[in-house]
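Residue numbers (this note's numbering): 750 to 930. Notes for the one structure printed next.
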């Protein structure tokens, strides 16, 4: 839920393991989000960059926006192996620094996990949820003049929830700093 003056708020999407999904570009073009960041494996980021450099994407930008400047619609990419928590933490810290430097000081950050958790090492999905929750909470407290509301869009399965039991899922998310609504 996004309440308050929308002109005072900036919506940011952070996608973990987005692969070749172009959702962030479409949402940015439609004005649903203001900016996007994607964390993925180096080889995926490099391959995706090549895809965006193709004539097809330039023609699409020209057709939709009257300019072949695809770059203004692209997310900011971070080459990160999600199994390496230090790299993930560094990327999140960098994103939070960027948010703090902007004119708008109220941010809604939508965290997206889609079909990536099953590829991560044991224990990493739980650790990722906890790290992200902790960093988002800390970013919005203390001496800072920034307010961050973080929401998790989880279209995946959590490795340690047998049978996808909703009650167990609720407990696992709460344990790692998230509340299901």
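Cβ coordinates follow ideal geometry from the N, Cα and C atoms, glycine included.
Minimum C-alpha distance to residue i - residue among the options
| i | options | result |
| --- | --- | --- |
| residue 919 | 772, 810, 875 | 875 |
| residue 840 | 775, 787, 904 | 787 |
| residue 781 | 764, 884, 759 | 759 |
| residue 884 | 867, 834, 904 | 834 |
| residue 779 | 822, 830, 808 | 822 |
| residue 828 | 858, 807, 797 | 797 |
| residue 870 | 830, 769, 886 | 830 |
| residue 769 | 824, 851, 842 | 824 |
Alpha-carbon to alpha-carbon, residue j and residue i
| i | j | result |
| --- | --- | --- |
| residue 784 | residue 777 | 7 Å |
| residue 928 | residue 854 | 24 Å |
| residue 800 | residue 856 | 30 Å |
| residue 794 | residue 826 | 7 Å |
| residue 771 | residue 837 | 21 Å |
| residue 922 | residue 763 | 18 Å |
| residue 886 | residue 873 | 20 Å |
| residue 867 | residue 803 | 31 Å |
| residue 805 | residue 917 | 45 Å |
| residue 775 | residue 904 | 18 Å |
Buried or exposed (CB count within 10 angstroms, at least 16 for buried), residue i
| i | result |
| --- | --- |
| residue 789 | buried |
| residue 766 | buried |
| residue 773 | buried |
| residue 813 | exposed |
| residue 791 | exposed |
| residue 858 | buried |
| residue 864 | exposed |
| residue 810 | buried |
| residue 899 | buried |
| residue 890 | exposed |
Under 8 Å between C-beta atoms of residue i and residue j
| i | j | result |
| --- | --- | --- |
| residue 878 | residue 925 | yes |
| residue 860 | residue 902 | yes |
| residue 849 | residue 895 | yes |
Assumed close pair residue i, residue j - CB separation to whole angstroms, cut-off 8 Å
| i | j | result |
| --- | --- | --- |
| residue 888 | residue 897 | 5 Å |
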